[in-house]
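Following: one structure in structure tokens, then a few remarks.
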Amino acid sequence: MMYEGKIIKFYREKFQMTQEQLGKGICSGTHISKIERLQTEYAPEIITLLAERLDINIDSEILKLKNIKKRLEQWKDVIIKELFEEMDLIHNELEQEDLIQISNYIHLYQLLRARYLLMHHAIDESYQIITDIQKNEQKLSSYESSLLKHVLGIYYLAKHENLKAIQVLKSIQESEYNNKEYYYHLAAAYHSLELPVMSYFYAEKALQFFKEQNNYLRAIDTEMLMLIQIKDDENFNETIKGFESLIQSCDLCSSPERKARVCHNLAYEYFRRKKYDLSSKYYFQSMTLKDPDSSKYLLSLEGYIRSSFYGNLLSQNELLHLVEEGLEKAVHKNEILYIHLFNLQILLIENKEHEYHQYLKMEALPMFEQFGFMYLIQRSKRELFNYYSKMNLNNEALQLAQLLINVEQ
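So the sequence shown is numbered by UniProt numbering: it starts at 1 and just counts up by one.
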């Protein structure tokens, strides 16, 4: 009875019929009103006649309404596992399902859709859904309320507002929310703030959850996040073995996208230890696994050029050719971050030391600070400090030294 009344009302309003028009020759408009509001008993024959007038199969519609929760649970599962083909398929199916609007799971659907849009980098569209749901937060179940916090935390991560992400994610009550995936996002936020101990702590908790769920792909992501928190060079050989093991796991799981990420992060570990030949090798391997028109490709290309420059592995002409390729793609995609990074590389390769540091201070660093790119902020400040010290610009060097000390305390 609960389903029939909702369905009759939904299609009547969809077809812009009054209760009297729908009931003409079948029953009164008042009786239909009570059916729709679940306030009366009725003969099955009346529902059959009303459904025929609306040109719907009531049994089929009831089945669809009952199936919505099952499909939403499946959608949630493939979103957590990051199985993009399946999540796109279910998304497209649910987009066509009008009955979601009258189901008991409309808020769950909207929250999962906001999460889905974030995974597809539709950040503004996702935030609009989040703000709409926040207006009706009192109507959410305890699980949905926690899911709202989780999605909001992921939104803040996407906006590089890591402190806000941590604040909202830590407010989730674990007892009311069985998706401990949010530990991974906490770990990512702490990593972005260059707080390795806290990042490792939450990544370890996320890894346990993913292993319990047999979620091998996300386990790879988490193990990689844990590896890059280890800064002790004495254990570097163990760290390398860990990365090599993850590369094998990516091959076994047929996940070239994850293999590209692992190679990129391994390249950075070699880079920060000034092993530029190996750094260059793994940045290049990462590039070959990525879409050449994607932002992720530009990230590895920038690393490859930087490694090749510091390692004297390519000629100046070869380096400039690669930078021009990257800059052209960045301008075409209006990727402001990479426009700055490649402009810096041109000045670096052309040995324009003063212009490089002037551009870094006046153009690039303010942008890094605006969007919260912590690693680039700290790298830039160290570069400027070293340059000012070399040029005996003591006041400028002292100011930057104080900033660096304050951040690292």
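Heads up, the beta-carbon is just placed ideally off N, CA and C, and yes, glycines get one too. A quick note: this is a predicted structure, and the numbers were derived from the prediction, not measured.
By the criterion of a C-beta distance shorter than 8 Å, residue 239 is surrounded in its chain by 227, 230 and 269, once the five residues flanking it on both sides are discounted.
Assigned with DSSP and collapsed to three states, residue 195 falls in coil, not helix or strand. Straight through space, the alpha carbons of residue 329 and residue 293 are spaced by roughly 7 Å. Judged by beta-carbon spacing, residue 27 lies within the 7 Å limit of residue 46, meaning their Cβ atoms are closer than that value. Residue 306 and residue 220 have their alpha carbons spaced roughly 27 Å apart. Residue 31 and residue 15 have their C-alpha atoms roughly 19 Å apart. Note that the C-beta distance between residue 385 and residue 401 is below 7 Å. By the 16-neighbour rule on beta-carbons within 10 angstroms, residue 375 is exposed.
By the neighbour-count criterion, in which a residue is buried when 16 or more other Cβ atoms sit within 10 angstroms of its Cβ, residue 237 is exposed.
Here DSSP, grouped into helix, strand and coil, assigns residue 264 to helix.
When the alpha-carbon of residue 366 is set against those of 85, 170 and 377, the nearest one is in 377.
Taking the Cα positions, residue 202 is about 18 Å away from residue 147. Going by beta carbons, residue 65 and residue 105 fall outside the 7 Å limit. Per the Cβ contact rule, the segment 82–100 is not in contact with the segment 125–141 (fewer than 3 Cβ pairs under 8 Å).
Following the DSSP letters along the chain, one finds residue 224 inside the alpha helix (DSSP H) bounded by residues 216–227. Of the candidates 316, 8 and 137, the residue whose Cα lies closest to the Cα of residue 52 is 8.
Contact between the segment 188–198 and the segment 54–63 is absent, with fewer than three C-beta pairs closer than 8 Å. Judged by DSSP in its simplified three-state form, residue 381 adopts helix. Here DSSP, grouped into helix, strand and coil, assigns residue 15 to coil.
The beta carbon of residue 109 lies closer than 7 Å to those of 72, 94 and 100 in the same chain, with the five residues before and after it left out.
Beyond the five residues adjoining it in sequence on each side, residue 183 comes within less than 8 Å, by CB distance, of 202, 203, 205, 206 and 209 in the same chain, given in chain order. Judged by DSSP in its simplified three-state form, residue 340 adopts helix. If only uninterrupted alpha helix (DSSP H) runs of at least 4 residues are considered, those enclosed by the segment 249–336 are 256–272, 276–288, 295–310 and 316–333.
When C-alpha distances from residue 263 are compared across 280, 353 and 38, the shortest belongs to 280. Setting aside the 5 residues that flank it on each side, residue 271 is surrounded in the same chain by 279 and 307, each with a C-beta closer than 6 Å to its C-beta; the list follows chain order. In the DSSP annotation of this structure, residue 37 is not part of any alpha helix (DSSP H), being labelled neither H nor E.
In this structure, residue 295 lies away from residue 283, with their beta-carbon atoms at least 7 Å apart. Of all C-beta pairs linking the segment 149–168 to the segment 322–342, fewer than three are shorter than 8 Å, placing the two stretches out of contact. Here the C-alpha atom of residue 359 lies approximately 9 Å from the C-alpha atom of residue 340.
Look at residue 391 here: in three-state DSSP terms it is coil, with no helix or strand label. Under the three-state reduction of DSSP, residue 68 is assigned to helix. Cβ-Cβ distances below 8 Å link residue 255 to 217 and 220 in the same chain, with the five nearest sequence neighbours on each side left out; the list follows chain order. Per DSSP, residue 373 is not a residue of any alpha helix (DSSP H), being assigned neither H nor E. In the DSSP assignment, residue 164 falls within the unbroken alpha helix (DSSP H) covering 162–169. Linking residue 176 to residue 145 through their CA atoms gives a straight-line distance of about 9 Å.
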